[in-house]
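A.B. asks:
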Amino acid sequence: MIILGIETSCDETSAAIIKNGKKILSNVTATSADMHAKTGGIIPEQAAREQIKSIIPVIETAIHDSQLTINEIDAIAVTYGPGLIGSLLVGVETAKTLSFVWNKPLVPVNHLVGHIYANWLETPDRAVQEPTLPAIALVVSGGHTDLVLLKNHGKLVWLGGTRDDAAGEAFDKTARLLKLPRPDGPSLASAAAMFNPSEKKLNIKLPRPMLDQNNYDFSFSGLKAAVLREYELLENKNEINDNSVNELAYEVQEAITDCLVEKTMRALKEHRMTTLLVAGGVAANSRLREKFNLQIANCKLQINLHIPPPKLCTDNPTFIAAAAEFNHKPVPWQEIAANPSLTIDSTV
Ligand code: KG4
Ligand code: ZN
C-alpha cells in the first residue's frame with residue numbers, strides 16, 4: 001500500500017508517504033522550534049496556530065516529493081494521541097477532511113505504538129531485516145516510558161512503565177539543571193560523551209531507582225533531586241566547570257540507561273523472547289544503543305535487536321504511516337477524535 005502519514009502530536013507538523021510500510025518516498029517536517037526556544041518552552045496554543053498555517057503546505061510538499069499523485073495514495077494515517085490537544089486536532093481534523101474529500105480510508109494511529117514501527121523502515125544506507133513477532137518493545141520518549149510485549153500487530157500487553165518522569169524527561173530536566181544548551185537530551189548525551197571513565201575516576205554515584213524491584217516499572221523523578229544535590233555541593237566548593245558538569249552528565253546517562261537496559265533484558269528472559277524492538281526519541285541515545293548491543297552480545301540468548309537509525313527514533317511521520325500498513329484498521333472519519341491522554345495499550 002501507499003500511505004500518507006500525518007503527525008502533529010507536539011510542536012512539529014509533518015507528513016510522509018511510505019510504500020509497503022518500509023520504503024520512505026517522502027518525509028517533510030515544519031517546525032516552530034526556533035519560536036519556542038525564544039520563550040524557553042512550547043506554548044501549546046502558539047504551536048497549534050503555527051501548525052494550522054503549515055499543515056497543508058507540508059502535505060502538498062510530501063505528495064510532490066514522492067512524485068506520486070493523490071490518486072495513487074491508498075490510505076491516510078494520522079496520529080490521534082497522545083499529545084497536545086490543539087496540535088493533535090490540527091492533524092486529525094485535516095486528515096478527516098482529506099479522507100472525506102479524497103474518499104480514502106483513514107487509519108488512526110497511536111503515536112506510542114507508531115514509534116515501534118520505525119523499526120520496519122528502510123533508509124538509503126540501511127536495508128532492514130524485517131522484525132519477527134512476538135517481541136519485547138521498549139518505547140522511550142519525552143513523555144512516556146513503556147515496556148510491552150507485542151504478541152502480534154495490534155496485540156500488545158503492557159508490562160510496565162514509568163511511575164513518574166519519562167526517560168526523555170529525565171534527560172531533559174537534568175540537562176536544564178546542569179545549565180546545558182538546548183536541545184536538552186542530546187546535549188546531555190554530548191556532555192556525557194566528553195567524560196572518559198578510563199582516564200578519570202568517577203566521583204559521583206547516582207541511584208538506579210527500582211532496579212531491585214521485581215517488576216517492569218521505572219522511576220526517574222528522584223534523579224532530578226539527586227543531580228541538584230550534587231550540583232549544589234560542587235557549587236559550594238566552587239567546582240562547577242566543564243569537567244565536573246560532564247562527569248555529572250555521564251553519571252545521569254549511566255543511571256537512566258542502566259535501568260532501561262536491565263529491566264528490558266529481564267523482560268526478554270522472563271518472556272523467552274528473541275526479538276527486541278527499541279523505539280522513541282531516547283532510542284537515538286548512543287550510550288543506550290551501545291549498552292543494548294553489549295548486553296545482547298554477552299548474554300546466552302540469541303536475541304535479534306532492532307533500533308531505528310537515530311533520525312527515525314525521534315518524532316516523525318514515517319512511522320505513523322508504517323504502523324498503519326501493519327495495523328490496517330480504517331475507521332469512518334466521523335468516528336475519529338483526538339485523544340491527548342491515550343496510553344500505549346489503549347484499545348480506543
Ligand atoms: O519520541 P520523541 O521524539 O518525542 C516524544 O514523543 O516525546 O522523544 C523526545 C525525547 C526528548 O526528551 C529528547 O530529549 C530525547 O527524546 N532525546 C534524547 C536523544 N535524542 C532525543 N535523549 C537522550 N539522548 C539523545 N541522543
Ligand atoms: Zn514521540
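Numbering of the sequence shown is given in full-length UniProt numbering, commencing with residue 1 and proceeding in unit increments.
Built from N, CA and C at the ideal position, the CB exists for glycine as well.
Just so it is clear, the structure is predicted and the values come from calculations on it, not from any experiment.
1. Rank LYS269, GLY143, ILE116, ILE204 by C-alpha distance to the C-alpha of ALA324 and give the top, closest one.
2. So, do the segment 277-291 and the segment 159-176 have three or more beta carbon pairs nearer to each other than 8 Å?
3. Taking the Cβ atom as the reference point for each residue, do ASP146 and ARG208 lie within a distance shorter than 8 Å?
4. Tell me whether VAL331 sits in a helix, a strand or coil according to DSSP, three-state version.
5. Take ALA33 as the anchor and find which of LYS22, ILE52, GLU12 has the nearest alpha-carbon.
6. Look up ASN293 in the DSSP assignment and say whether it is helix, strand or coil.
7. First and last residue of the alpha helix (DSSP H) that includes VAL261?
8. Roughly how many angstroms separate the alpha carbons of LEU202 and LEU88, rounded to a whole number?
9. Any contact between the segment 325-342 and the segment 134-142? By contact I mean 3 or more CB pairs, one from each, below 8 Å.
10. Keeping to the same chain, check which residues put their C-beta closer than 8 Å to that of GLU247; ignore five residues upstream and five downstream.
11. Would you call the CB atoms of VAL113 and GLU122 closer than 8 Å?
12. Would you kindly report the start and end of the unbroken alpha helix (DSSP H) that includes GLU230?
13. Taking the alpha helix (DSSP H) that GLY154 belongs to, which residues open and close that run?
14. Verify whether the separation of the beta carbon atoms of THR274 and ASN298 is less than 8 Å.
15. With distance defined between alpha-carbon atoms, name the residue in VAL252, PRO186, ASN236 nearest to THR314.
16. To the nearest angstrom, report how far apart ILE320 and ILE63 are at their CA atoms.
17. What are the start and end residues of the alpha helix (DSSP H) that includes residue 350?
18. Straight-line CA distance for LEU268 to VAL261?
C.D. replies: So, to answer that:
1. ILE116
2. yes
3. no
4. coil
5. GLU12
6. helix
7. 242-270
8. 44 Å
9. no
10. PHE195, LYS200, LEU202, ASN203, ILE204
11. no
12. 221-236
13. No alpha helix (DSSP H) contains GLY154, which DSSP labels as neither H nor E.
14. no
15. PRO186
16. 16 Å
17. An answer regarding residue 350 cannot be provided, because it is not within the stretch 1 to 348 covered by the chain.
18. 11 Å
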